[in-house]
Amino acid sequence: MKILIAEYAGFCFGVKRAIETAYQEIEKNKKGKIYTLGEIIHNPLVIDDLFKKGVKVIEEKDLEKLSKGDKLIIRTHGVSKKLYDFLTEREVEIIDVTCPFVKKVQNIVYEYYNKGYSIIIVGDKNHPEVIGVNGWCDNTAYVLNSIEEAKKMPQLKKACAVAQTTLIEKHWEKILEVINTKVEDLIFFNTICDATQKRQSAAEELAKKVEVMLVIGGKHSSNTQKLKKICERNCKNTFHIEAPKELTLDMIKEHEIIGVTAGASTPDYVIEDVLKRIKILKGEDKNE
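Encoded structure:
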């Protein structure tokens, strides 16, 4: 049996920084209240561990409950400008771990919106990153996630287009082609995260070489879901698992070359536990 692991699998820089910051705050703030605005990452194993250590998840509709001195961790997805202003007024201590790539998108949108450009965001309108970015242009952006949606967009004189950072490159390119026919003066920025592109490319190449592909990551993780789609196109035996216990012998018993990749919200220890489970299920102690 061979187990091949895709390059760039697991925590990306932004997620790693966010998780490290959360644990640092736990150490510094033994008795104070620490909250994260929504789940800090889409991984239930990490969320459960943080909760056990006193970090509570709070949703935007409940932010009125926060008081002066409470600590709120802004997750990697980022938030709207309006929300920053609201928290500052309430004197909540903001611990901002917005991913630098997402922050770049926010800054572009804010700059060009204030220059009079219409804003176009290519991505999922329900994804927290996109919701937050839209908040930097007063929620006026055209949010498009398909060629059909792009075709329905009205003709615009001048616009600035950006991409959700976890978007699949080809998806962005196809929609951008349509947008280009809809805007007289178009400025666009490919804001897909470099780490995302590398992760997707590595997963795609590996999926072509293996008999079965395991994609590890949260079921609600956007970048993990996209990895699954990419792998499925290149390996029909692709399985998305969130935790090692979800891996069954039926998934791998007929296969000797097994590929593994993982989303940006997947800790190294989860990947290691999946590798151990593969070996146990196959009755092997080490890779050949």
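With the numbering used here applied, the sequence shown corresponds to residues 35 to 322, in that order. Cβ atoms here follow ideal geometry from the backbone N, Cα and C, with glycine treated the same way.
- I think Thr295 touches Ala43, with their Cβ atoms under 8 angstroms apart; what is that distance to the nearest whole Å? Taking the sequence shown and counting its residues from 1, one reaches residue 295 at position 261. Taking the sequence shown and counting its residues from 1, one reaches residue 43 at position 9. The pair is a contact, with the Cβ atoms about 5 angstroms apart (cut-off 8 angstroms).
- Task: State the DSSP-derived secondary structure class of Glu205, mapped to helix, strand or coil.
- Result: As a working note, residue 205 is residue 171 in the sequence shown. Reading off the sequence shown, one finds His at residue 205, where the question assumed Glu. Per DSSP, reduced to three states, the secondary structure at His205 is helical.
- Message: For Phe45, tell me which candidate among Arg109, Pro301, Glu306 has the shortest Cα-Cα distance.
- Response: Position 11 of the sequence shown, counting from 1, holds the residue named residue 45. Ranking Arg109, Pro301, Glu306 by Cα distance to Phe45 puts Pro301 first.
- Item | Nearest neighbour of Ala98, chosen from Thr110, Leu84, Tyr69, Ile81 [CA to CA] | Within the sequence shown, the letter at position 64 stands for residue 98. The displayed chain sequence assigns Glu, not Ala, to residue 98. Of Thr110, Leu84, Tyr69, Ile81, the smallest CA-CA separation from Glu98 is found for Tyr69.
- Per DSSP, what kind of secondary structure is Leu220 in: helix, strand or coil? Stepping through the sequence shown from its first residue, residue 220 is reached at position 186. Of the three classes helix, strand and coil, the one that applies to Leu220 here is strand, per DSSP.
- Query: Taking C-beta to C-beta, are Ile213 and Glu245 nearer than 9 angstroms?
  - Reply: For this step, residue 213 is matched to residue 179 along the sequence shown. For this step, residue 245 is matched to residue 211 along the sequence shown. Not in contact: Ile213 and Glu245 (Cβ atoms no closer than 9 angstroms).
- Exposure of Tyr151, with buried meaning 16 or more beta-carbon neighbours within 10 Å: Numbered from its first residue, the sequence shown carries residue 151 at position 117. Around the C-beta of Tyr151, 16 or more other C-beta atoms lie within 10 Å, and the residue is accordingly described as buried.
- Task: Report the residue from His111, Pro188, Asn148, Leu210 whose alpha carbon sits nearest the alpha carbon of Val167.
- Result: The count along the sequence shown starts at 1 and reaches residue 167 at position 133. Minimum Cα-Cα distance from Val167 among the listed residues His111, Pro188, Asn148, Leu210 corresponds to His111.
- Cys194 in three-state terms, based on DSSP: Residue numbering aside, residue 194 sits at position 160 when the sequence shown is read from its first letter. DSSP places Cys194 in strand when its eight states are reduced to three.
- Message: If you follow the alpha helix (DSSP H) that Ser235 is in, where does it begin and where does it stop?
- Response: Within the sequence shown, numbered from 1, the residue matching residue 235 stands at position 201. For Ser235, the enclosing alpha helix (DSSP H) starts and ends at 228–241.
- Task: Note down the Cα distance separating Glu322 from Glu239, rounded to an integer number of angstroms.
- Result: Your numbering for residue 322 matches position 288 in the sequence shown. Your numbering for residue 239 matches position 205 in the sequence shown. Note that Glu322 has pLDDT 42, beneath the 50 cutoff, so the model's placement of it is unreliable and the number below is only indicative. When rounded, the distance between both Cα atoms is 21 angstroms.
- Message: According to DSSP, simplified to helix, strand and coil, what is Asn321?
- Response: Residue mapping note: residue 321 aligns to position 287 of the sequence shown, counting from 1. Low confidence applies here, because Asn321 scores a pLDDT of 45, under 50, leaving its location unreliable; read the following figure in that light. Coil, per DSSP.
- Query: Shortest alpha-carbon distance to Ile305 belongs to which of Ile250, Asp284, His289?
  - Reply: As a working note, residue 305 is residue 271 in the sequence shown. Nearest neighbour of Ile305 by Cα position, chosen from Ile250, Asp284, His289, turns out to be Ile250.
- Could you check if Ile314 is buried or exposed, using at least 16 other CB atoms within 10 Å of its CB as the buried criterion? Looking up residue 314 in the sequence shown gives position 280. That one is exposed.
- Query: Going along the chain, which residues of its own chain have a beta-carbon closer than 6 angstroms to the beta-carbon of Ile75, five neighbours each way excluded?
  - Reply: Position 41 of the sequence shown, counted from the start, is the residue given in the question as residue 75. Cβ neighbours of Ile75 beyond the five flanking positions: Val49, Ser299.
- Message: I'd like to know if the region 132–139 and the region 213–229 are in contact, where contact means that at least 3 CB-CB pairs between them fall below 8 angstroms.
- Response: Between the region 132–139 and the region 213–229 there are three or more C-beta pairs closer than 8 angstroms, enough to call the two in contact.
- Taking the beta strand (DSSP E) that Asp83 falls in, what are its first and last residues? Translated into the one-based positions of the sequence shown, residue 83 becomes position 49. Careful: Asp83 lies outside any beta strand (DSSP E), inside the alpha helix (DSSP H) at 78–86.
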